[in-house]
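Student: The opening position of the sequence shown corresponds to residue 961 in our numbering, with each subsequent residue numbered one higher.
For each residue, glycine too, the CB sits at the ideal point set by N, CA and C.
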Amino acid sequence: KSLPEVLSEIESRKPQIIIHTGNALYGGNTADGILESDMLRQLNIFFPMLKSLNTAVYTIPGDKDYYNGSTDLYSRFTGRKPGYSFNYGSIHFICLSSSGSGESFIDGAQLEWLKNDLNEFRDSNAIFVFAHHQLFPDKKKVKIPESNEELHKLFLEYNVKAVFSGSEKDYSTKMKDSIKY
């Protein structure tokens, strides 16, 4: 209900780009009573509102944006794969889909794409990574998978400046080696 007001407030600040890090919808599974028509209705509200903005908008699916474990409906509306990249001037932005990967932060196919993308744009003035989930959550009882540490090493190798995520309700920031999370 508050989306028009939120978008108006964001637009009043005249951002050059907007990156939404997920959970735009109330999705789920048919087993939970969520119907495809529920998802389509929400998608038909959310994405036209974004298109009304006078700035470039990029989105990443969060776990609630999935329908029956898939981003197919979401991708149909965005016209993008769940993971993609773009440049703004000499800055390279990488948007990762971290929600459907189970134990790993991203799946194997996306990891291979990421390695190629980082290599291709290694000479960018800055590289920023965006995802729904935190690579290194603040919750003390969460075991960090080794694959997350491997991603961090990859980010260090390609001089990623910062990794942004939007799944946590509370703001947090930390430095790990030279990367701001």
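Quick check on H1112: does DSSP put it in helix, strand or coil?
Tutor: DSSP places H1112 in helix when its eight states are reduced to three.
Student: Could you tell me the boundaries of the beta strand (DSSP E) in which A1091 lies?
Tutor: 1086-1091 is the span of the beta strand (DSSP E), which, as asked, contains A1091.
Student: Could you pull the start and end residues of the alpha helix (DSSP H) that Y1034 belongs to?
Tutor: Residues 1032-1038.
Student: Give the C-beta separation of T1015 and P975 to the nearest angstrom, bearing in mind that I take them to be a contact with Cβ-Cβ under 8 Å.
Tutor: About 6 Å separates the two Cβ atoms, so the contact holds.
Student: Could you tell me if Y1228 is buried or exposed, where buried requires 16 or more neighbouring beta carbons within 10 angstroms of its beta carbon?
Tutor: Examination of residue 1228 is not possible in this model, given that the chain is present from 961 through 1141 alone.
Student: Starting from F1007 and walking both ways along the alpha helix (DSSP H), at which residues does that stretch end?
Tutor: Looking at the DSSP string, the run of the alpha helix (DSSP H) that includes F1007 is 996-1011.
Student: If Y1034 sits next to D1025, beta carbons under 8 Å apart, how far is it from one beta carbon to the other, in whole angstroms?
Tutor: Their Cβ separation, rounded to whole angstroms, is 5 Å, which keeps Y1034 and D1025 in contact under 8 Å.
Student: Cα separation between K1121 and P1021?
Tutor: One C-alpha to the other measures close to 22 Å.
Student: Do L1056 and A1091 have their CB atoms nearer than 8 Å?
Tutor: For L1056 and A1091, yes; Cβs fall inside 8 Å.
Student: Between which two residues does the alpha helix (DSSP H) harbouring S1045 extend?
Tutor: From DSSP, S1045 is part of no alpha helix (DSSP H) but of the beta strand (DSSP E) over 1044-1048.
Student: Taking the Cβ atom as the reference point for each residue, do F1053 and S1045 lie within a distance shorter than 8 Å?
Tutor: Contact flag set, yes.
Student: Given this structure, state the Cα-to-Cα distance separating T1019 from L967, to the nearest angstrom.
Tutor: Roughly 14 Å between the two C-alpha positions.
Student: Would you kindly check if the distance between the Cβ of Y1141 and the Cβ of L1078 is under 8 Å?
Tutor: Cβ distance not < 8 Å, so L1078 and Y1141 don't count as in contact.
Student: Can you look up K1075 in the DSSP assignment and give me helix, strand or coil?
Tutor: In this structure, K1075 counts as helix in the three-state DSSP scheme.
Student: Alpha carbon to alpha carbon, what distance is there between F1124 and I1051?
Tutor: Answer to the nearest angstrom: the Cα atoms are 15 Å apart.
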